[in-house]
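Below: the structure, in structure tokens.
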Amino acid sequence: MDPTLAPNFIPPSQQEEQPQDRAHESLIPNKSPIQSPADLDVDMEEIPNRIPRINSAMSASPPSENSNSRDMDVAPYLHEPSGVRPIIRSADLEEVPSGVVRQAQELSDYSFPDHRLNKTMMDENKSPLVLVACGSFSPITYLHLRMFEMAMDSIREHTKFEVIGGYYSPVSDNYNKPGLSKAYHRVRMCELACERTSSWLMVDAWESLQPTYTRTALVLDHFNEEINIKRGGVATPSGKRKGVKIMLLAGGDLIESMGEPNVWAEDDLHHILGRYGCIIVERTGSDVRSFLLSHDIMYEHRRNVLLIKQLIYNDISSTKVRLFIRRGMSVQYLLPNSVIRYIMDHGLYKESEPVKQVMNEKGD
Numbered sequence: 001m002d003p004t005l006a007p008n009f010i011p012p013s014q015q016e017e018q019p020q021d022r023a024h025e026s027l028i029p030n031k032s033p034i035q036s037p038a039d040l041d042v043d044m045e046e047i048p049n050r051i052p053r054i055n056s057a058m059s060a061s062p063p064s065e066n067s068n069s070r071d072m073d074v075a076p077y078l079h080e081p082s083g084v085r086p087i088i089r090s091a092d093l094e095e096v097p098s099g100v101v102r103q104a105q106e107l108s109d110y111s112f113p114d115h116r117l118n119k120t121m122m123d124e125n126k127s128p129l130v131l132v133a134c135g136s137f138s139p140i141t142y143l144h145l146r147m148f149e150m151a152m153d154s155i156r157e158h159t160k161f162e163v164i165g166g167y168y169s170p171v172s173d174n175y176n177k178p179g180l181s182k183a184y185h186r187v188r189m190c191e192l193a194c195e196r197t198s199s200w201l202m203v204d205a206w207e208s209l210q211p212t213y214t215r216t217a218l219v220l221d222h223f224n225e226e227i228n229i230k231r232g233g234v235a236t237p238s239g240k241r242k243g244v245k246i247m248l249l250a251g252g253d254l255i256e257s258m259g260e261p262n263v264w265a266e267d268d269l270h271h272i273l274g275r276y277g278c279i280i281v282e283r284t285g286s287d288v289r290s291f292l293l294s295h296d297i298m299y300e301h302r303r304n305v306l307l308i309k310q311l312i313y314n315d316i317s318s319t320k321v322r323l324f325i326r327r328g329m330s331v332q333y334l335l336p337n338s339v340i341r342y343i344m345d346h347g348l349y350k351e352s353e354p355v356k357q358v359m360n361e362k363g364d
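In the UniProt record's numbering, the protein residues as written are 1 to 364.
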């Protein structure tokens, strides 16, 4: 039934306003509504003055001659003859901090970096360990950085080691691999990646400065000499000194190359796996466990090998990063901003590479 047809129906316009319970209003301070963030009792983060507004920053039309040069410096896109491409001038420069000595470009000027190598252990009951990653690092990516963090987690969880340092050792120019930028560029990019994004990783240029290609076994010998022979290992809380174990940190694809003929000498494999040991981070598409079972030398030294399974898969490869750069595509968030800027400032990775090299990313 329609309520408006009831005999006692009163239209809303003629109804008297009903009193409301206002007892709760005494609990509310007599203050006008908040009009701006300044009224909030919080520490608000201000938008930097140099960031242009969205309507001007996202414009796809090329800047006019009368455009404000200050806005052009921070525009998120660069206009080139090949088209509009993402910005390369990041606000986060991640420059190497002042006071940190850069690696030498001549072997005669070389000195071993130990500014982040712990001089004293925290737990006397553990064994000291240094991780060394050898490779091209052309360029270094976030996967190269993540490998050390994944290794650290696994070591803490499953071993009695205490990590006192980690090193990147870029290969020399004599490796002669397609897509390999000059050694001093790769060392510098590794420095930029480490010094601002990590609190414990370092870069050692010794291998990159050698006049000939240096086998991985000899690189590990170099670290053993610098840390254990010249520096006498590491001190413990009680004042005693312990010898430091050196282990190779590698991706699953590099380990699988140990089974390829004429790539690794058997004596070197025994030396690396037997004397030092290896921590292997599995990559997508690599069955390291099956390979470890089938490879005689690796199986012999299996107790000196630690396998790490990625819980969040990261398949960034330097080969594809170089490809993206040649194609004018964005590599933002694939490698640190400082490395991106260095690549663009020095015009790296513009040369073409063989199709087979691009399709086969093993060891990169």
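Using N, Cα and C, we set each Cβ at its ideal position, and we do this for glycine too.
Handout entry: Assumed close pair residue 251, residue 147 - CB separation to whole angstroms, cut-off 8 Å
Key = 7 Å
Practice task
Grab the span of the beta strand (DSSP E) containing residue 162 for me, first residue to last.
Solution key: 161-170
Exercise for the section: Work out the CA separation of residue 208 and residue 327 for me, nearest whole Å. Expected result: 28 Å
Handout entry: Extent of the continuous beta strand (DSSP E) run through residue 305
Key = 305-308
Handout entry: 3 or more residues per run - each beta strand (DSSP E) lying fully within the region 223-257
Key = 245-251
Exercise for the section: Find out if the Cβ-Cβ distance for the pair residue 205, residue 110 is shorter than 8 Å. Expected result: yes
Practice task
Take residue 273 and list the residues in its own chain whose beta-carbon comes closer than 7 Å to its own, dropping the five residues that flank it on each side.
Solution key: 297, 298, 301, 304 and 305
Practice task
Take the Cβ of residue 160 as the centre, count every other Cβ of all protein chains shown within 10 Å, and call the residue buried at 16 or more, exposed below.
Solution key: exposed
Practice task
Determine the direct distance from the alpha carbon of residue 312 to that of residue 135, and round the result to whole angstroms.
Solution key: 22 Å
Problem - residue 298, enclosing alpha helix (DSSP H) - first and last residue - result: 296-300
Handout entry: Buried/exposed call for residue 337, threshold 16 Cβ in 10 Å
Key = buried
Exercise for the section: Measure the alpha-carbon distance for residue 314 versus residue 143 and round it to whole angstroms. Expected result: 6 Å
Handout entry: C-beta contact flag for residue 116 and residue 202 at 8 Å
Key = yes
Problem - Buried or exposed (CB count within 10 angstroms, at least 16 for buried), residue 355 - result: exposed
Handout entry: Continuous beta strand (DSSP E) stretch holding residue 129: start and end
Key = 127-135
Problem - CA-to-CA distance, residue 279 to residue 234, given in whole angstroms - result: 21 Å
Handout entry: residue 101 to residue 293 span [Cα, whole Å]
Key = 44 Å
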